[in-house]
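Undergrad: Residues 309 to 924 in our numbering are what the sequence shown lists, from first letter to last. C-beta: ideal position from N, C-alpha, C; glycine also.
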Amino acid sequence: MSWGIELWDQFDNLEKHTQWGIDILEKYIKFVKERTEIELSYAKQLRNLSKKYQPKKNSKEEEEYRYTACKAFLSTLNEMNDYAGQHEVISENMTSQIIVELARYVQELKQERKSHFHDGRKAQQHIETCWKQLESSKRRFERDCKEADRAQQYFEKMDADINVTKADVEKARQQAQTRHQMAEESKADYSSVLQKFNHEQHEYYHTHIPSIFQKIQEMEERRIVRIGESVKTYAELDRQVIPIIGKCLDGIVKAAESIDPKNDSQLVVEAYKSGFEPPGDIEFEDYTQPMKRTVSDNSLSNSRGEGKSELKFGGKSKGKLWPFIKKNKLVSLLTSPHQPPPPPPASASPSAVPNGPQSPKQQKEPLSHRFNEFMTSKPKIHCFRSLKRGGATPEDFSNLPPEQRRKKLQQKVDELNKEIQKEMDQRDAITKMKDVYLKNPQMGDPSSLDHKLAEVSQNIEKLRLEAQKFEAWLAEVEGRLPARSDQARRQSGMYETQNAPSVNNCAQDRESPDGSYTEEQSQESEVKVLATDFDDEFDDEEPLPAIGTCKALYTFEGQNEGTISVVEGETLYVIEEDKGDGWTRIRRNEDEEGYVPTSYVEVYLDKNAKGAKTYI
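1. For Glu-544, which residues in the same chain have their Cβ closer than 7 Å to its Cβ, ignoring the five residues on either side in sequence?
2. Check whether the Cβ atoms of Leu-782 and Arg-893 lie closer than 8 Å to each other.
3. Just tell me which of Phe-864, Val-882 and Ile-883 has its CA closest to the CA of Glu-876.
4. Whole angstroms are fine: how far does the CA of Gly-583 sit from the CA of Glu-774?
5. Go to Glu-854, then tell me how far its alpha helix (DSSP H) extends in each direction, as first and last residue.
6. Leaving out five residues before and five after Met-527 in sequence, what residues of the same chain have Cβ atoms less than 8 Å from its Cβ?
7. From the DSSP output, in three-state form, read off Thr-596 for me.
8. Between Ile-406 and the rest of its own chain, which residues show a CB-CB distance below 7 Å, the 5 nearest in sequence each way excluded?
9. So which of Ile-532, Val-721 and Lys-581 has the shortest CA-CA distance to Lys-777?
10. What residue does the beta strand (DSSP E) around Tyr-462 start on, and which one ends it?
11. Among the residues of its own chain, which have a CB less than 8 Å from the CB of Glu-455, if the five just before and after it don't count?
12. At the level of alpha carbons, what is the spacing between Lys-952 and Glu-370?
13. If you drop the 5 nearest sequence neighbours on each side, which residues of the same chain put their C-beta closer than 6 Å to that of Lys-581?
14. Do you know how far the Cα of Thr-384 is from the Cα of Ala-563?
15. Would a C-beta distance cut-off of 8 Å place Thr-344 and Ser-310 closer than the cut-off?
16. Out of curiosity, what's the CA-to-CA distance linking Val-909 and Glu-885?
17. Count the other CB atoms, across all protein chains shown, that sit within 10 Å of the CB of Ser-659; report buried if there are 16 or more and exposed otherwise.
18. Helix, strand or coil for Leu-315? Go by DSSP, reduced to three states.
19. Just to confirm, are Thr-879 and Thr-857 a CB contact at a threshold of 8 Å?
20. Could you tell me the distance, in whole angstroms, from the CA atom of Phe-381 to the CA atom of Ile-346?
21. Pop quiz: Ile-768 and Glu-731 are said to be a contact at Cβ under 8 Å. What is the actual Cβ separation, rounded to whole angstroms?
22. I'd like to confirm the pairing. Which residues does DSSP put opposite Trp-891 in its beta bridges?
23. Please check the pair Ile-855 and Asp-914, which I expect to be a contact at CB under 8 Å, by giving their CB distance rounded to whole angstroms.
24. Do Arg-895 and Tyr-881 count as a contact pair if the criterion is CB distance below 8 Å?
25. Identify which residue in Thr-515, Arg-429, Ile-738 and Gln-503 has its Cα closest to the Cα of Lys-446.
26. Would you list the residues sitting across from Thr-871 in a DSSP beta bridge?
27. Can you grab the Cα-Cα spacing for the pair Arg-481 / Ala-459, in whole Å?
28. So, helix, strand or coil for Lys-338, using DSSP?
29. Assuming Met-466 contacts Asp-476 (C-beta within less than 8 Å), just tell me the rounded distance between them.
30. Looking at the secondary structure, which residues open and close the alpha helix (DSSP H) in which Ile-883 lies?
31. Please list, in chain order, all residues of the same chain as Leu-761 whose beta carbon is under 6 Å from its beta carbon, the five residues on each side excluded.
32. Return the Cβ separation of Ile-330 and Pro-518 in integer angstroms, given the expectation that the two are a contact with Cβ distance under 8 Å.
33. Three-state secondary structure (DSSP) at Phe-705?
34. Would Ala-351 and Glu-396 qualify as a contact pair, given that the criterion is a beta-carbon distance under 8 Å?
35. Cβ of Tyr-580 less than 8 Å from any chain C Cβ?
36. By Cβ distance, which residues of its chain are closer than 7 Å to Tyr-512, with the 5 residues on each side in sequence left out?
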């Protein structure tokens, strides 16, 4: 099959077809180019996605990546980054091996096609010129033949006319001969041109055109082969990165398989373990012994005892109860006075203070009463703020639980050791440089390094002293931890000792003259330090609503923490009635509130308030 033989008369159609083939090639180049742009865009989006979820340096997120699940997620992000890189490789390879190569080939193809069709048009023009020559020779031969025929007829006419002279007849004869001679010459020329045209035409249709069309056919077939090769390369470039992409996916699977829930659970223990031991049992409090005062109508047994069993625990009462109690109940324990209220002045009549306490020596309240106080009071604790905001974190981390303190100290020691090693490496480098300068003075002055060497040595000495200080604290903590298992009630002892200045500024002695309130003193000193963590939450609490008013019957000097001073005749708001302990909680304004003895005030409670009573 040859286009030169089969398509000898389809020059124009072949020209259109080859142009269409070039257009197809350019369309494929455009397709691959857009594919590379998509690959680059996809890779960029993957990289941005991976970067977006990478943990920020020196942040809390970075600490979270200690857990195996977070490490697996981080590995996934890194593998996705490599995955994006493979898509960039696909784009680069397609650009260099397909787009650039095909673009160069298209230019060559256009030049070759132009040359072939130029030769075809030249051959067409040549055969058309031969055809025009043949037509011209043919028309001249035809004209000469007609002229010769007319000249012959004219001669014969003159020769037959008797009236014409002999000279005219001779002239007509000569003209006829001349015309016949010209016709013969035109005939010979026409025959020659015809032979030449036939030869050229044979060459055109059997040699030139087949040759040109064969070259065009070969050119078109090469174009088709080149497209096939490009399509194959397109697939191969994708296949080349599949193993690496598979490794990326294998890395993600491996990271997923490395997740260890037990290890993560252990990390949680290491991160939050305090080093304290669980609280001991609470001792049984016997209330069957005769009490030194009569229980009033508002006592716990009447107001709260019905239908509720009193809490009774065995063991010691100095265990830590506060971790399981809400903050407002905890604060109430700290601010409510723990010693009995003072009796009213001697001039007071018994009828004026019917609700006053019967004896200044009141026995310690039941533990269940203190729990009920937790549930009903919201005082403001200013000492919590002073503990938290009074200064920066102690250098020895004494504000932390033992186990967390040990970890912080160990971390600090490791950091200092790294800094010491870094300074020692720098000192060794300076020393070596100084030796080089001593051996080769032209390279530098050895004495110029003395100052730097002395400075590094001083830094090393400072860091060593700092490390020794922290190592001593660490040894102290590690020595204390095993010895703390003797009594759970001493769990808060270290906090109280280490933070004694700040705690003593906020706390007062809760022990009554008869020694009946030592339990609350231990619990409260323990809570004062640790409750600083709740300080920010206390700032947002709403004050308790007023449930009535009261009038001071006597002047009271509030000297203990949680109490408030009042002047005789002063009117104040009641925000918490007497719970049976002889104290009433009142408020002067939004910033001043506290407890006063119930016997010192005349209380008028709102009738609509829950559990309201009027003390007259």
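TA: Looking at the atomic coordinates:
1. Counting only residues of its own chain and dropping the five nearest sequence neighbours on each side, Glu-544 has no CB closer than 7 Å to any other CB.
2. Contact: no.
3. In this structure, Phe-864 is the residue among Phe-864, Val-882 and Ile-883 with its C-alpha nearest to the C-alpha of Glu-876.
4. Computed Cα separation, rounded: 25 Å.
5. Correcting the residue type first, residue 854 is Ala in the shown sequence and not Glu. It is not in any alpha helix (DSSP H) - Ala-854 carries neither H nor E in the DSSP assignment.
6. Same-chain partners within the cutoff: Thr-326, Leu-417, Glu-420, Arg-421 and His-424.
7. Three-state result, Thr-596: coil.
8. So the list reads Val-340, Ser-538, Thr-541 and Tyr-542, once near-sequence residues are dropped.
9. When only C-alpha atoms are compared, the closest one is Val-721.
10. No beta strand (DSSP E) holds Tyr-462; the alpha helix (DSSP H) holding it covers 408-468.
11. Residues of the same chain with a CB within less than 8 Å of the CB of Glu-455, apart from the 5 flanking positions on each side, are Arg-487, Met-490 and Ala-491 in chain order.
12. With the chain covering only 309 through 924, there is no way to say anything about residue 952.
13. In the same chain as Lys-581, and ignoring 5 residues on each side of it, the C-beta atoms closer than 6 Å to its own belong to Glu-711, in chain order.
14. Rounded to whole angstroms, Ala-563 to Thr-384 spans 7 Å at the Cα level.
15. For Thr-344 and Ser-310, no; Cβs fall outside 8 Å.
16. Each residue's Cα considered, the two are about 11 Å apart.
17. For Ser-659, the predicted model reports a pLDDT of 36, less than 50, meaning its position is unreliable; a value from the coordinates is still stated below. The residue is exposed, with fewer than 16 neighbouring Cβ atoms inside 10 Å.
18. Residue state, collapsed to three classes: coil.
19. Yes.
20. Rounded to the nearest whole angstrom, the CA to CA distance from Phe-381 to Ile-346 is 26 Å.
21. Ile-768 to Glu-731, Cβ: 5 Å. Contact.
22. Residue pairing of Trp-891 in beta bridges, as defined by DSSP: Pro-905.
23. Between Ile-855 and Asp-914 the beta-carbon gap is near 6 Å, inside 8 Å, which marks them as a contact.
24. Contact flag set, yes.
25. Comparing Cα-Cα distances from Lys-446 to each of Thr-515, Arg-429, Ile-738 and Gln-503, the minimum goes to Gln-503.
26. Thr-871 is bridged by DSSP to Tyr-903.
27. So the alpha carbons of these two residues sit roughly 8 Å apart.
28. When DSSP states are grouped into helix, strand and coil, Lys-338 belongs to the helix group.
29. Going by Cβ atoms, the distance from Met-466 to Asp-476 rounds to 6 Å, so yes, they are a contact pair.
30. No alpha helix (DSSP H) holds Ile-883; the beta strand (DSSP E) holding it covers 879-884.
31. So the list reads Ile-738, once near-sequence residues are dropped.
32. 23 Å between Cβ atoms; not a contact.
33. The answer is coil: DSSP assigns Phe-705 none of H, G, I, E or B.
34. In this structure, Glu-396 lies closer than 8 Å to Ala-351 by Cβ.
35. No chain C is part of this structure, which consists of one protein chain only.
36. These residues qualify, in order along the chain: Ala-431 and Ile-435.
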